[in-house]
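Down below is the structure, laid out as structure tokens.
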Amino acid sequence: MLIRLANLIVVVLFLLSYLADFSIGSERQDVGIYNDTFCENKGVWRQGLVAIKAMLKKYGYTYRDIWPEEINNGDILGDSFKILLVPGGWAATYNVNIRPPGFKNIRAFVGKGGGFLGICAGAYFACDVITWRPGPHAFEETYDYPLNLFGGTGRGVVPGLKPWTSPTGCGSGIKKGAEMVVIKVDTNLLHVGPNHISMLYYGGPWFTLTPSKKHGKVKTAATYVLPKSKRELPAMIFFPYHKGRVFLSGVHPEVSFSDCQLHPNPEGWEVMNSIISLLLHR
1 MLIRLANLIV VVLFLLSYLA DFSIGSERQD VGIYNDTFCE NKGVWRQGLV AIKAMLKKYG
61 YTYRDIWPEE INNGDILGDS FKILLVPGGW AATYNVNIRP PGFKNIRAFV GKGGGFLGIC
121 AGAYFACDVI TWRPGPHAFE ETYDYPLNLF GGTGRGVVPG LKPWTSPTGC GSGIKKGAEM
181 VVIKVDTNLL HVGPNHISML YYGGPWFTLT PSKKHGKVKT AATYVLPKSK RELPAMIFFP
241 YHKGRVFLSG VHPEVSFSDC QLHPNPEGWE VMNSIISLLL HR
């Protein structure tokens, strides 16, 4: 009997914490966060998701989780939230969980005036074409992605930064492919203090335009500061999509990485706040 009661308490506490993320009520939320964490180790990155929610809470934004079936069914787009945020994780899994009607629904949501924020895998997810070369001795792979909010190419990993296959030296947590890097922010677009900010790089893209495609005015919001190169590769981009706005980030502004541990990134959170304000037309 005591075991059953204990199990019931655990279930109730889980449901309460789950419902808390929905900001219960019919009011339109600021941010809908794509969540497919039911795909163990191949969907949304859980640690990044937790940090994103902590940032949104700190800055007073309302939010709720958005599940793939909700996007596929089109039940929640438009009236439920103002920005769709797709976190880091595994973009190939997003492309499996979101079906053709879901891609159409996302494009319609943004096209009618919604905002879209893609972080790392979420940025790859929004691109027309992906090129992926995990290490300096690996062959480059090319993928045609279906969402096509950005009519260009997301390219990873960034040359000169830590290869996806390179160990971090950590025995647990992030074991390969991650390092803190510096980005140079356009402070005319993102209203933050310092223009050189340290952020987590974890296999994300840099961005190039496809010459044959028509583009809205794509602005580079930040570039990678590469230790051994003077090239300024776009780390963050911002552009219109019909009546909506899209912001893509190759780096993770929500967390920092040191001593094999993840920590909140206060400067990164300031950048995220500016990005969300930009997408909300504030």
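No gaps in the numbering here: position 83 of the sequence shown is 83 in the working numbering, and each next residue is one more.
From the three backbone atoms N, C-alpha and C, an ideal C-beta is built for every residue, glycine too.
Residue range of the unbroken beta strand (DSSP E) whose run includes Leu84: Phe81 to Val86
Three-state secondary structure assigned by DSSP to Pro266: Helix at Pro266.
Can you name, in chain order, every residue of its own chain whose Cβ lies under 7 Å from the Cβ of Glu232, other than the five neighbours on each side? Thr223
Contact the region 99–116 vs the region 240–260: 3+ CB pairs below 8 Å: yes
DSSP state of Lys184, grouped into three classes? strand
Whose CA, out of Gly152, Lys175, Thr153 and Phe150, lies closest to the CA of Phe162? Looking at the sequence itself, residue 162 is Lys, so the reference to Phe does not match. Ranking the options by Cα distance to Lys162, first place goes to Lys175.
Nearest neighbour of Leu284, chosen from Ile276, Arg282 and His281 [CA to CA]: Absent from the structure is residue 284, since the part of the chain shown begins at 1 and ends at 282.
Can you tell me where the beta strand (DSSP E) with Leu129 in it begins and where it stops? According to the sequence provided, residue 129 is Val. The question's Leu does not apply to it. Element bounds for Val129: Cys127 to Trp132.
With DSSP run on the structure shown, which of helix, strand or coil describes Phe139? coil
Have a look at His281 and Gly169 and give me their C-alpha separation to the nearest angstrom. Computed Cα separation, rounded: 42 Å.
For Phe139, count the other beta carbons within 10 Å of its own beta carbon; 16 or more makes it buried, fewer makes it exposed. Which is it? exposed
Beta-carbon gap between Thr208 and Thr153 smaller than 8 Å: Result yes, Cβ atoms of Thr208 and Thr153 sit closer than 8 Å.
Is the beta carbon of Ser256 closer than 8 Å to that of His191? no
Would you call the region 65–73 and the region 31–38 in contact, with 3 or more CB pairs under 8 Å? yes
To the nearest angstrom, how far is the alpha carbon of Leu278 from that of Leu200? 22 Å
Using the rule of at least 16 other Cβ atoms within 10 Å of the residue's Cβ for burial, across every protein chain shown, is Gly156 buried or exposed? buried
For Arg46, the nearest candidate out of Phe81, Phe239, Lys104 and Ala121 (CA to CA): Ala121
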